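Structure, as structure tokens:
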Amino acid sequence: KILLTGFDPFGGEPVNPAEEAVKLVSDNINGAEVIKITIQQLKAKSVKAIEDYRGHNPDIVISVGQAGGRFDITPERVAINIDDFRKKDNEGNQPTDEIIQEDGQAAYFSKFYQ
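Using my numbering, count along the sequence shown one by one with no gaps and you end on 590.
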């Protein structure tokens with residue numbers, strides 16, 4: 477089972493290519509069910525949206541995002557436990573150097589590269 481997420485539009489943009497790309501993915505890939513959800517660009521609520529789908533017991537979670545200026549698919553190698561928004565989210569939040577999970581590790585490495 478694959479949980480595939482894409483972000484909704486933000487920063488005044490009418491669409492988010494990540495969300496549109498996720499919508500185009502088949503509901504079944506080589507026998508694996510694909511659960512597709514749109515994540516709102518909102519501090520803390522975006523993480524909660526993914527946590528709400530834990531009951532589906534996905535084998536993998538793939539979160540697709542837009543990186544302006546990049547032309548290739550570039551998986552993230554490490555996730556840092558810090559919120560540091562370059563732009564305001566859709567509620568006007570723009571945290572700088574805020575810890576996301578107080579009891580979490582400083583960083584998490586992608587299994588893609590292990």
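We put the CB at the ideal spot given by N, CA and C, even for glycine. Source: prediction; values computed, not measured.
Which word fits Gly482, buried or exposed, when buried means at least 16 other C-beta atoms lie within 10 angstroms of its C-beta? By the neighbour-count definition (other C-beta atoms within 10 Å, threshold 16), Gly482 is a buried residue.
In angstroms, rounded to a whole number, what distance separates the CA positions of Glu509 and Asn557? Rounded to whole angstroms, Glu509 to Asn557 spans 30 Å at the Cα level.
For the putative contact between Ala494 and Gly545, defined by C-beta atoms under 8 Å, what is the C-beta separation to the nearest angstrom? Not really, about 14 Å apart at Cβ, beyond 8 Å.
Hey, Lys591 and Asp548: beta-carbon distance below 8 Å or not? This structure does not reach residue 591, given that the chain is present from 477 up to 590, and the question cannot be answered.
How is the beta strand (DSSP E) around Leu500 delimited, first residue to last? Not the beta strand (DSSP E): Leu500 falls in the alpha helix (DSSP H), residues Pro493 to Leu500.
Enumerate in chain order the residues of its own chain whose CB-to-CB distance from Thr572 is below 7 Å, with the five nearest sequence positions on each side excluded. Excluding sequence neighbours, Thr572 sits near Asp560.
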